[in-house]
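Chemist: This is the structure I want to talk about, given as structure tokens.
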Amino acid sequence: MSDEASKAMMAADDFALPAFVTFLSLGQHARFARRVGLARGKYKVDVPETTGDPGFVRVFRAHQNSMEFYPLALTSMWVSSVYFHPVPASLAGLVYIYGRQSYFDGYAESSAARLPGFMLSLNAVLLLMGMSGVGVTAALLRRYADLDLAAMAKGFVEGILKKD
1013 MSDEASKAMM AADDFALPAF VTFLSLGQHA RFARRVGLAR GKYKVDVPET
1063 TGDPGFVRVF RAHQNSMEFY PLALTSMWVS SVYFHPVPAS LAGLVYIYGR
1113 QSYFDGYAES SAARLPGFML SLNAVLLLMG MSGVGVTAAL LRRYADLDLA
1163 AMAKGFVEGI LKKD
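Residue numbering for the sequence shown is 1013 to 1176, as defined by my numbering.
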């Protein structure tokens, strides 16, 4: 294997954890879609109708809301994985998945029961967006302003520690 091929493989391996989290989230969305199909049968709501029994509407809305939120979560998880660090980004992605599951299950029971899961998944996305913003800003400053924030922070901390 050439050095370039080896480096490319190492780089790909660095992102195995966010790839795994992405795979888990795809499975979650497949299960959500399946639950909408099952709710159609249970509540006798024919395709393409999106209204009917409140039980069906809650499951349908839980799925739709999850689909609407998904691009924010997935994009920010990958951007933060590349520009911040794949481990904390993946952990926040797992928290998002757990929050979305809690949201979906809660919403299927009652509208009020969706809120704890919604808040957890919202906070996970906000964390992912924050990590993305910090990582991309640091990369832009390194590339275009020749400022390395990580090196500056390290020097600052070392300076404080030497004073003591």
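C-beta: ideal position from N, C-alpha, C; glycine also.
#1: Taking the C-alpha atoms as reference points, what is the distance between Arg1154 and Gln1040?
#2: Are at least three pairs of beta-carbons, each pair with one atom in the stretch 1140 to 1147 and one in the stretch 1163 to 1175, less than 8 Å apart?
#3: Have a look at Arg1073, Ile1109 and Leu1134 and flag the residue whose alpha-carbon is nearest the alpha-carbon of Ser1123.
#4: Using C-beta distances below 7 Å, list every residue in its chain close to Val1071, excluding the 5 sequence neighbours before and after it, in chain order.
#5: Output the distance between the C-alpha atoms of Asp1158 and Val1091, rounded to the nearest integer angstrom.
#6: So does the stretch 1104 to 1112 actually touch the stretch 1055 to 1065, counting three or more Cβ pairs closer than 8 Å?
#7: Is the CB-CB distance between Leu1140 and Ala1101 below 8 Å?
#8: Given that a residue counts as buried once 16 or more other Cβ atoms are within 10 Å of its Cβ, and exposed if not, what is Val1169?
#9: Could you please give the first and the last residue of the uninterrupted alpha helix (DSSP H) stretch that includes Arg1154?
#10: Applying the criterion that 16 or more other CB atoms from any shown protein chain within 10 Å of the CB defines a buried residue, is Phe1032 buried or exposed?
Modeler: Reading it off the structure:
#1: 37 Å
#2: no
#3: Arg1073
#4: Arg1047, Val1048, Ala1051 and Ala1120
#5: Straight-line measurement puts the Cα of Val1091 at about 21 Å from the Cα of Asp1158.
#6: no
#7: In this structure, Ala1101 lies closer than 8 Å to Leu1140 by Cβ.
#8: exposed
#9: Leu1127 to Ala1157
#10: exposed
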